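Q: Those protein sequence lines, which keep their order, are chains A and B. Under the working numbering, the first residue of the first sequence carries the number 650, and numbering increases by one thereafter. Under the working numbering, the first residue of the second sequence carries the number 3, and numbering increases by one thereafter.
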Amino acid sequence: AQKITQTQPGMFVQEKEAVTLDCTYDTSDPSYGLFWYKQPSSGEMIFLIYQGSYDQQNATEGRYSLNFQKARKSANLVISASQLGDSAMYFCAMRGPKPSYDKVIFGPGTSLSVIP
Amino acid sequence: EAEVAQSPRYKITEKSQAVAFWCDPISGHATLYWYRQILGQGPELLVQFQDESVVDDSQLPKDRFSAERLKGVDSTLKIQPAELGDSAMYLCASKGGRTTDEQFFGPGTRLTVL
């Protein structure tokens, strides 16, 4: 069965510094996709970045990049130049194997606090 | 910009009462999801629709929960009777047709059962 692990319940980072949020996953399917979502205290889930298992390069979206290490089954999120508005819960998620490509399972999340 | 709509945003009810949540996905999105998120945890899938058909409801407590998407557009999630343990955020999401598409989430309904 697929599983997502996020071992950091809470993280602190100084404003303008970079921070890495860890995510490891377990799947036996060679085709999969990994997502990161942000959830501010207001509750809405905001999509940040996607990495496909066959993508040759690590995904990047603005200040977000995904450090994808396939052999280690890790997909860490790197946020550069942290801002106060980055304080939120961050969830790593993985879409299902065949035939459930549209099903997504979420990790337990990491709470990030940005300190001025 | 297109958004997923949910109502109500907040609901307080007493145990044994019935509650219903509504979701309107982004226009054209065939896949719709209902998640339950307990405070401090990640979202847990309750039910997944493809158009009007249920694709996955393996985690839906069918003795008290029901979900429908009659015309393949908006959807309703019902709990009857509500229990104290149902207090949580209920999130609706929709997704486009490509495998790599992300899910778009609504603002959620925060349910408190007293």
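Positions of the beta carbon are idealized from the N, C-alpha and C atoms, including for glycine. Since this is a predicted model, take the numbers as computed values, not measurements.
When the distance is taken between beta carbons, is Ile728 (chain A) closer than 8 Å to Arg712 (chain A)?
A: A contact, by the Cβ cut-off of 8 Å.
Q: On the DSSP bridge list, what partners appear for Lys652 (chain A)?
A: In DSSP, Lys652 (chain A) forms a bridge with A:Asp675.
Q: Using 8 Å as the limit for Cβ to Cβ distance, is Gly110 (chain B) near chain A?
A: By this cut-off, Gly110 (chain B) is an interface position.
Q: Given a cut-off of 8 Å, decide if Ser714 (chain A) and Ser736 (chain A) are closer than it, judged by their beta-carbon atoms.
A: Contact flag unset, no.
Q: May I ask you to verify whether the segment 17 to 27 of chain B touches the segment 75 to 89 of chain B, counting CB pairs closer than 8 Å and requiring at least 3?
A: Counting Cβ pairs under 8 Å, three or more are found: they touch.
Q: What did DSSP end up calling Asp704 (chain A) once you bin it into helix, strand or coil?
A: Looking at Asp704 (chain A) - three-state DSSP - the assignment turns out to be coil, as it is neither helix nor strand.
Q: Could you please give the first and the last residue of the uninterrupted beta strand (DSSP E) stretch that includes Tyr681 (chain A)?
A: Careful: Tyr681 (chain A) lies outside any beta strand (DSSP E) and carries neither H nor E.
Q: Taking Gln43 (chain B) as part of the beta strand (DSSP E), name the residues at either end of that continuous run.
A: Unbroken run through Gln43 (chain B): none, as it is neither H nor E.
Q: At a Cβ threshold of 8 Å, is Val668 (chain A) touching chain D?
A: Of the chains in the structure shown, none is chain D; the protein chains are A and B.
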